[in-house]
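Going line by line, the protein sequences match chains A and B. Mapping of the first sequence onto my numbering: residues 134 to 510, in sequence order. Mapping of the second sequence onto my numbering: residues 134 to 510, in sequence order. Backbone N, C-alpha and C define an ideal beta-carbon position, used for all residues, glycine too.
Protein chains: 2
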Amino acid sequence: MRWLPVIAGTDARMRPVERADGAFRNFTATIQVAMRARIEDVARVAGVSPKTVSRVLNDEPNVREDTRLRILQAVRSLDYRPHPSARSLASNRSFLVALLYDNPSPSYMMEVQDGVLEACEAQRYSVMLQPLDATGPRFLEQVEQLISERRLDGLILTPPISDHAPLLRRLRELGTPFACVAPRDRNCAGVVLDERRAACEMVVHLASLGHQRIGHIIGHPDHGASIWRLDGYRDGLAQSGLQYDARLVVQGQFSFDSGVVAARAMLALPLPPTAIFAANDDMAAGVIWAANEAGLAVPRDLSVCGFDDTPLSRQIWPSLTTIHQPCRDMGRIAANQLLRAIRDGEGAMVSAKFALCLRGSTARVPGRPAKEHALGL
Amino acid sequence: MRWLPVIAGTDARMRPVERADGAFRNFTATIQVAMRARIEDVARVAGVSPKTVSRVLNDEPNVREDTRLRILQAVRSLDYRPHPSARSLASNRSFLVALLYDNPSPSYMMEVQDGVLEACEAQRYSVMLQPLDATGPRFLEQVEQLISERRLDGLILTPPISDHAPLLRRLRELGTPFACVAPRDRNCAGVVLDERRAACEMVVHLASLGHQRIGHIIGHPDHGASIWRLDGYRDGLAQSGLQYDARLVVQGQFSFDSGVVAARAMLALPLPPTAIFAANDDMAAGVIWAANEAGLAVPRDLSVCGFDDTPLSRQIWPSLTTIHQPCRDMGRIAANQLLRAIRDGEGAMVSAKFALCLRGSTARVPGRPAKEHALGL
DNA sequence: ACGCAAAATGACAGCGCTGTCATTTATGGC
DNA sequence: GCCATAAATGACAGCGCTGTCATTTTGCGT
């Protein structure tokens, strides 16, 4: 049964309820029903066949310009919208991509997601969100099931899933198009940030403030980002003529708590660092917590900086010096590359732009002429 | 053209590529193709008609138990999954609901979203995410377009959209099922929290710590939550025998910045509050910021508490006393009520359970406020 | 004008399911 | 055992599009 309200009267969007077999159904000829126009209606109004309308709607070639315009006119006047299921069924494409993620920070994911939605909506694709446990034993199976069950046209993978080698291999085997956000292996469609250079610039900045003992808290070992940021940290030390000191580098997990633990360890050293560069904002917030706990004032006694520019970085005291990662743009770019891959068979790996955000949590090393940073909002 | 890899060999999931017209296509009879089973295949294996298989898959009545089992067996052995588009097209239902949101906090939304996804997935519904500007002039139109374009079966509305009266009215007119998360008007399907009682309990707690001047920062005026929390604040004062003082109640916007602004105003009073209850965690974080700025130590000089128990509340110093809102559960409940409404024509308004989280930002009222800087103590 | 290739358009048969309704099979009362 | 009734099952025609391929129209060289 078609669900639609019965309305008396006529306008462009009304027509007699007539079945394909020609019989009117349960209504006298004068009662009409508001009903979505079908491609056939558009064709009739434009004086062409349904197939030609289909051509116009799908940007297929070989339609004369005046015909196209006439059809678009009819589409507008009937407020016609193609039925997604009918389209999918007939064309054997779902116009559906999935965004796979495993438990990253909500604000990061929300931003990426917004970008993906924006890009997909613009190209009339739907997005299916799929929180997943990438460490689960049935992970691969789950993804394959998802693809076949929902007839996905493609996938967008976010860290740490974008580094899941078995999955990438399987997707290539299956021929399923995919795009990665910040993957370790850049040999696929997607988007990356030059995190190594960003981390390097941050360390150089700290060194320029006079810091000589700069600590680093490494991110989660399964994220490619952790390694890039660590490499960048080393680059920065080298560029600033500072010695790498393994005692000042502690493993973290990208979580607030792991930042607290790592900072406690570092601050307990005989010669603790005067600045700590955490591989993300959550851990940096943990460092500030640990500093407070240890009776240290940030940035007076300890400079702290993070990575990502999450909302958190502006919502703690002092506000966090960090590196802005344009997550929304990155989501958009990844989606666009995926759609390109679906359409043209190949997408590119695009590089997004980072930016240093100098805020209140970093300052000149004590003992040197002080230069206040703005602590404002 | 059907997209499917050509594979040699046979197993339960393979069959000759045969068109409905009976002609084999482009392949010799020995080459076979891995291809999703169709309902017809299941029917053949189970020795019934496709329609009976359909009955089993859709939990329709009037199927003998042994027939059902035989069919389920065939479904498993063929790894059959119904084609979503074919189902939608034939049944005129999309099995798709949309989650509408407008810019709430990412962590809140992510949690709600997870709950919604979980519940919908369990009932084999898809979720479409729709960030929207509820204040835009074309808002209603956009939503209507969304419904008709995607053939949505229903909507889940989150604050502040759940309080958008014109939208609710229109949805009822259209007969579109919907469920609300924390709506002001509880006369619909959805989920709420007894925020008023929660706020009251929080204020009573503060009073029990000896606070007599307890300030409140009101949330965004368009959110029902703001009013409930304010009412609860007044209830709590009354229950504790404290006088309501309009100077201690300041309008905020639910944002961090608005919390800073409101707290500055309150702390500048001749007789400032000794405790501030902000209507959400973001504003409470702003209060802590402003307190630091004013040289006050939290909780020594000022107790601060929030509402929502966002991740932020555990990632600032001191950690925030707040009220836990089970967002994930709420998302799940809202989705389940929507699906009930879609199925049975009516859903319920369910009440979720809050919990007070007593953490480091609140303490006994001091004998006398000291004016030292909080950091480094 | 004519002929021919290329461009434009149309006819038609499904895509894989479910709604409707007809038909067959079980159940129960006597 | 027989019929009335209910339960179980099946036949069949679409749902609204697009792929394929046939047909018509156009453009253009001669």
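Check                                                                                                                                                             : Outcome
Mind checking whether I466(B) and V324(B) have CB atoms under 7 Å apart?                                                                                          : yes
Do G439(B) and A474(B) have their C-beta atoms closer together than 7 Å?                                                                                          : no
Here's a check: name, in chain order, each residue in its chain whose Cβ is nearer than 8 Å to the Cβ of P215(A), leaving out the five neighbours to either side. : I172, L190
Going along the chain, which residues of its own chain have a beta-carbon closer than 6 Å to the beta-carbon of G365(B), five neighbours each way excluded?       : R329, A332, C333
From A223(A) to G478(B), what distance separates their C-alpha atoms?                                                                                             : 32 Å
If we call anything under 7 Å between Cβ atoms a contact, is V175(A) one with R188(A)?                                                                            : no
Pull the bridge partners of P264(A) from the DSSP assignment, please.                                                                                             : Y234(A)
Cβ closer than 8 Å: which chain B residues qualify as neighbours of N320(A)?                                                                                      : Result: empty, since nearest Cβ-Cβ is about 22 Å, beyond 8 Å.
Excluding sequence positions up to five away, which residues of its chain have a Cβ less than 6 Å from the Cβ of H349(A)?                                         : Y366, V382, F410
Check whether the Cβ of A219(A) lies closer than 7 Å to any Cβ atom in chain B.                                                                                   : yes
When the cut-off is 7 Å and only beta carbons count, does W361(A) lie next to chain B?                                                                            : no
Where does V325(A) sit, in a helix, a strand or coil, going by DSSP?                                                                                              : strand
Straight-line CA distance for L202(B) to R283(B)?                                                                                                                 : 35 Å
For a minimum of 3 consecutive residues, which ranges assigned as the beta strand (DSSP E) are wholly contained in the region 329-409 of chain B?                 : 347-351, 382-384
Do T495(A) and P406(A) have their CB atoms nearer than 7 Å?                                                                                                       : no
Since I believe R303(A) is in contact with L273(A) (beta carbons under 8 Å), could you give me their beta-carbon distance rounded to a whole number of angstroms? : 6 Å
Does DSSP classify G287(A) as helix, strand or coil?                                                                                                              : strand
Do A207(B) and A468(B) have their C-beta atoms within less than 7 Å of each other?                                                                                : no
Please list the terminal residues of the continuous alpha helix (DSSP H) segment that includes L489(A).                                                           : Run containing L489(A): none in the alpha helix (DSSP H); it sits in the beta strand (DSSP E), 488-490.
Any Cβ of chain B within less than 7 Å of the Cβ of A401(A)?                                                                                                      : no
Which of the three DSSP states is assigned to A411(A) in this structure?                                                                                          : strand
Do P451(A) and G493(A) count as a contact pair if the criterion is CB distance below 7 Å?                                                                         : yes
Whose CA, out of P293(B), G269(B), L429(B), R257(B), lies closest to the CA of L472(B)?                                                                           : R257(B)
So, is the C-beta of D247(A) closer than 7 Å to a C-beta in chain B?                                                                                              : yes
Of all Cβ atoms in chain A, is any one closer than 7 Å to the Cβ of I172(B)?                                                                                      : no
Which whole runs of the beta strand (DSSP E) in the region 205-259 of chain B are 3 residues long or more, in chain order?                                        : 229-234
Using 7 Å as the limit for Cβ to Cβ distance, is M243(B) near chain A?                                                                                            : yes
Specify the secondary structure class of S187(B) as computed by DSSP and reduced to three states.                                                                 : helix
With DSSP as the reference, label I456(B) as helix, strand or coil.                                                                                               : strand
For F387(A), decide whether its Cβ has a neighbour in chain B, counting only Cβ atoms nearer than 7 Å.                                                            : no
Tell me whether V431(A) sits in a helix, a strand or coil according to DSSP, three-state version.                                                                 : coil
Show which residues of chain A have a CB atom less than 9 Å away from the CB atom of V334(B).                                                                     : The question names Val, but residue 334(B) in the sequence shown is Glu. The contacting residues do not exist; E334(B) stays about 25 Å from chain A at best.
With distance defined between alpha-carbon atoms, name the residue in L370(B), G419(B), A371(B) nearest to S388(B).                                               : G419(B)
Would you decide whether A162(A) is buried or exposed? Buried here means 16 or more other CB atoms lie within 10 Å of its CB.                                     : Low confidence applies to A162(A): its pLDDT is 30, below 50, so where it sits in the model is not reliable enough to give any reading.
Which class does M168(B) belong to by DSSP, given the choice of helix, strand or coil?                                                                            : coil
Let me confirm a value: G180(B) is counted as buried when at least 16 other C-beta atoms fall within 10 Å, else exposed. Which label applies?                     : exposed
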